[in-house]
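Just below is one structure, and these are the notes that go with it.
Number of protein chains: 2
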Amino acid sequence: MTTPPGLRERKKQATRAALREAALRLAVEHGPDQVRVEDIAEAAGVSPRTYNNYFASREQAIVAAVTADREERIAAAVAARPAGVRLADAVTDAVVEQCTDTGGHERALLLITTRPALREAYLDTSAGIEPPLTAVIAERLGDAGAHTARVLAASVAAAVRIALEGWLRPAGKEEAAGSTGAGALVLPSGSLPDQLRAALAPLAPAFDAAERRPG
Amino acid sequence: MTTPPGLRERKKQATRAALREAALRLAVEHGPDQVRVEDIAEAAGVSPRTYNNYFASREQAIVAAVTADREERIAAAVAARPAGVRLADAVTDAVVEQCTDTGGHERALLLITTRPALREAYLDTSAGIEPPLTAVIAERLGDAGAHTARVLAASVAAAVRIALEGWLRPAGKEEAAGSTGAGALVLPSGSLPDQLRAALAPLAPAFDAAERRPG
DNA sequence: CAGAATAACTGCGTACACGCAAATTTGCGC
DNA sequence: GCGCAAATTTGCGTGTACGCAGTTATTCTG
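Here's what the structure looks like:
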C-alpha cells in the first residue's frame, strides 16, 4: 500500500517545496507586492510556466509556505487519537493543535495577512483540509457514514475559515457591517484557539449524532 | 429602512442584469468557450473594464444568469416559515425548494456544467448563500446565537456545494478516486432534491442543539 | 538493458484580472 | 436650476493564468 516513492514523485515534492520557500523568502525580502511569478520561478530554478503547473495563482505559493502540509497533519492528528474519545473532541483538538502551530512562520504570517489578496489566499487554504478530514472521519464512521463524513469535513473546513477570519479581523481594516446587521455589534476576537473552539462547538452535536447512528 | 432605490442603484442593477443575460445568450449561441468578456461587454453596452467591476471572472456572469438571486430567495423562504417549525426543517425545505427552481434555465445549466471552468464557477455560487442565511438564522437564534448562525450557514453552503457536485457528477468525467478511497465505491447520484436532503441531514442535530440552547 | 509508455517541463500565444487616475454621471442641499 | 461631493465608468498598462504542442526525463515491460 505504501510503495516507496520513486524519483519522479520526490522531485515533484522538491520542486513544490523549492517554489514555496522561494516565494516566501522573496516576499519577506522585497515585500509581497514586489514579487512576480517570474522571480519565484527563477529562484526555484524552473520556468514560469512550470510555476503555474504547481500553483494556480501568485499568492498560493506564498501562503503554502506557512500552511505547509497542515491538511495531512490534521488528519494524522485525528487518526492518532484513541478510538474511545468523542469524535467531535478528537477533531476539535486536532484542528486547534495543528492550526496553532505555524511552524515558526508567525512573522511571515503577519506580513502576509495585511495584504488583502494574500489574506484571501490564506483563508482559502482552509478548504484544503476537507479531503483528508473526510478520509479519517469516514474511517471512524464506517462505510455507511461516508456521505456524512464528507459533509462534516466540509463543515469543519468552513468553521476553520470563519475562525481565521475572526482571528485576523483586527489586523485587517474594519469591514462594512453589511446586511447581516446584528453581527457587527460584538466582535469578540479572542485568541486563535478560542476562535477555533468557538467556531467548531456548534458542529459537535452533528458529530455526536453521526457517531451514534450506524450511518 | 426600505428607502426606494434611486436612479443610481437601479442603473447598477440594470447593468448587472444586462451583463448576465448577454453572457448567457452569447454562451448559448456560440458555445461557452467562444465568448470573450469583450463580446459580453459590448452586447451589454459597457466597456470591458466595467465588466470586471461587476464580475471577477469571465465565468461568473454566465453562471449568475442561471443562479439569479438564489441567495435572497433562500433567505426569504426561510423567513417565511412559521416560527413553530424546526429550524433544520425550515432551512432544508427552503434550500431544496429554491435550488430546484432553476428559473427555466435548465437547458443552459446542462450546457454550462459540461465545461470544467463553468462547472467550478457554478459550484462556487453556493458560497454566496452564506451571508443571507446567516442573517435569517441569527434572527431565529437570537443575539446570543449570532456566532453559531454564521457557522451553521457556512455549513449549509458547504453541504449545498457537495450536493451539487454529487448531482452533476454523471455529467462530468469520472474523477480520480483519490486518497479518500472508500467514497468511490458507492455513488448514489439521485435527483437533486435527494442529494440536497442527504447532504443537509447530517447538520440537523447541530440546528436542533442551537435552537434548544439560548446561545 | 533496450525500447516503449507515461509523466513532467517548457515556450508560445491569447485572453483575462485589476490597480490607477482621469473623465463622466448622479445625488443633494441651497 | 446650480454647483459641489460622491460614486461610477472608462482607458491604459502590467502582470497573470492556462491551453496547446513539442521536448525531455522517468518508469515500465519484456
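Those protein sequences? They're chains A and B, same order as listed. Take 1 as the starting number for the first sequence in the working numbering and just add one per residue. Take 1001 as the starting number for the second sequence in the working numbering and just add one per residue. Cβ atoms here follow ideal geometry from the backbone N, Cα and C, with glycine treated the same way.
For the pair of segments examined, the stretch 1117-1134 of chain B was found to touch the stretch 1057-1071 of chain B: the number of CB pairs separated by less than 8 Å reaches three. In the structure shown, Ala1068(B) falls within a coil segment according to DSSP collapsed to helix, strand and coil. Straight through space, the alpha carbons of Ala77(A) and Ile1074(B) are spaced by roughly 37 Å. The three-state secondary structure of Phe1055(B), taken from DSSP, is coil. Rounded to whole angstroms, the gap between the alpha carbons of Ala1094(B) and Ser155(A) is 19 Å.
The C-beta distance from Ala1199(B) to Ala1159(B) rounds to 4 Å, short enough to fall under 8 Å. For a Cβ distance threshold of 7 Å, residue set Pro1205 of chain B lies close to Ala209(A), ordered along the chain.
At a cut-off of 8 Å, the C-beta of Leu1152(B) has a neighbouring C-beta in chain A.
Judged by pairs of C-beta atoms under 8 Å, the stretch 1147-1154 of chain B touches the stretch 1124-1136 of chain B, as three or more such pairs exist. Spanning the alpha carbons of Ala17(A) and Leu109(A) requires a straight line of approximately 18 Å. Secondary structure of Arg169(A) (DSSP, three-state): coil. At a C-beta separation below 7 Å, Pro1202(B) has these neighbours in chain A: Thr148, Val151, Leu152, Ala206 and Ala210. In the structure shown, the three-state DSSP call for Thr1015(B) is helix. Rounded to whole angstroms, the Cβ separation of Ala149(A) and Ala157(A) is 13 Å, and the two are not in contact under 8 Å. Ser126(A) is classed as buried because its beta carbon has at least 16 other beta carbons within 10 Å across all chains shown. Cβ atoms of Val1066(B) and Ile1112(B) come within 8 Å of each other, at about 7 Å.
A distance below 8 Å separates the beta carbons of Ala22(A) and Ala43(A).
Here the alpha carbon of Thr1092(B) sits roughly 43 Å from the alpha carbon of Pro32(A). Sixteen is the threshold: when 16 or more other Cβ atoms of the shown chains lie within 10 Å of the Cβ of Glu1071(B), as they do, the residue is buried. The criterion of a C-beta distance shorter than 8 Å is satisfied by Pro1202(B) and Ala206(A). With respect to the C-alpha of Ala1146(B), the residue from Val1037(B), Arg1213(B) and Trp1167(B) having the closest C-alpha is Arg1213(B). When the Cα atoms are used, Leu168(A) and His1030(B) turn out to be separated by approximately 45 Å.
Under the Cβ distance rule, Ile1162(B) counts among the residues neighbouring chain A, one pair being separated by less than 8 Å. Only buried fits Leu1087(B), as 16 or more other CB atoms lie within 10 angstroms of its CB. Taking CB atoms only, Ala1023(B) has no neighbour in chain A less than 8 Å away. Straight across, the Cα-Cα distance linking Asp69(A) with Ala83(A) is about 24 Å.
In the structure shown, the three-state DSSP call for Arg20(A) is helix.
Apart from sequence neighbours up to five positions away, the residues of its chain that approach Tyr54(A) with a beta-carbon distance below 8 Å are Thr15, Arg16, Leu19 and Ala61, ordered along the chain.
For Ser1047(B), the closest Cβ of chain A is not nearer than 8 Å. In the three-state reduction of the DSSP assignment, Thr1102(B) falls in the coil class.
Boundaries of the alpha helix (DSSP H) harbouring Ala41(A): Val37 to Ala44, taken from the DSSP string. With at least 16 other beta carbons inside 10 angstroms of its own, Gln1195(B) counts as buried. Our two residues, Thr100(A) and Arg1036(B), have alpha carbons roughly 44 Å apart in a direct line.
Judged by their CB atoms, Tyr51(A) and Ala64(A) are not nearer to each other than the 8 Å cut-off.
Inter-residue distance for Leu1024(B) and Arg1107(B) is about 11 Å (C-alpha atoms, whole angstroms). Using a Cβ-Cβ cut-off of 8 Å, Ala1198(B) counts as an interface residue toward chain A, since at least one Cβ of chain A sits closer than that to its own.
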